[in-house]
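One structure is given here, and the rest of the page talks about it.
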Amino acid sequence: MFNEKDLLSKISDGNKKAFKEFYMLFKDRVFSIAFSYLRQTEDAEEITQDVFVEINRSAGFFDNRSSVNTWVYKIVVNKSLDKLRYLKAKKRFAFISFIFGNDIDNSLKNNIPDTSHHGFEADKKESIGILLSAINRLPESQKTAIILTQIELLKGKEAAEIMNVTPKAVEGLIQRGKSNLKRQLEKIYNTQGK
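Taking numbering that gives the first Met the number 0, I'd label the letters of the sequence shown as residues 0 to 193.
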């Protein structure tokens, strides 16, 4: 068994066995991060596939200045954020089409999160959906800091490296994110209680 950096070196040389081993090491983590952002199993699977295509294509460019984990997380976060931007643009276009009389895309009508990913129990589905929705409404930098440190359990330093900010900035983003989440959730649960 090779270490992660050796695997990347072998992948850059076209070694399919090394790629498969690397895939097996990271596939669950990659999917989990993508799912944290996208909240749809299909979209998270698509991003997972895109991430490994990118890893296969750019393994030779890994520069050893960061850990392999950080490098992979960066790719996943960037691809997930790109997908979110695409989906938001698609929703805006569908809304404009609807306003001006064109048919709205059926896939946009049913935008309920699919939380059928491993680890989610049926009785917790609603609460998880509410929490993920609230996280998704956070500003992008707060959302990224929360997902990386609170869901993916990365250290602040790793999250900072992925986000290209200082560890102190990550701490601030987490505090503001948690404060915003608390306000959102209090509003939701106070409304439901009435």
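The C-beta atom is built at its ideal place from N, Cα and C for all residues, glycine as well. Being a predicted model, the structure only gives us computed values, none of them experimental.
In this structure, residue 47 lies near residue 30, with their beta-carbon atoms less than 7 Å apart. In this structure, the straight-line span from the alpha carbon of residue 148 to that of residue 142 is close to 10 Å. DSSP places residue 147 in no alpha helix (DSSP H); its state is neither H nor E. Here residue 160 really is in contact with residue 65; their C-beta atoms are around 6 Å apart, less than 8 Å. Per DSSP, reduced to three states, the secondary structure at residue 42 is helical. A direct Cα-to-Cα measurement between residue 9 and residue 163 gives close to 28 Å.
Here residue 56 is exposed, its C-beta having fewer than 16 other C-beta atoms within 10 Å.
Taking a C-beta distance under 7 Å as the contact criterion, residue 71 and residue 18 do not qualify as a contact pair. Residue 83 and residue 37 have their C-alpha atoms roughly 7 Å apart. Per DSSP, the unbroken alpha helix (DSSP H) holding residue 28 starts and ends at 15-37.
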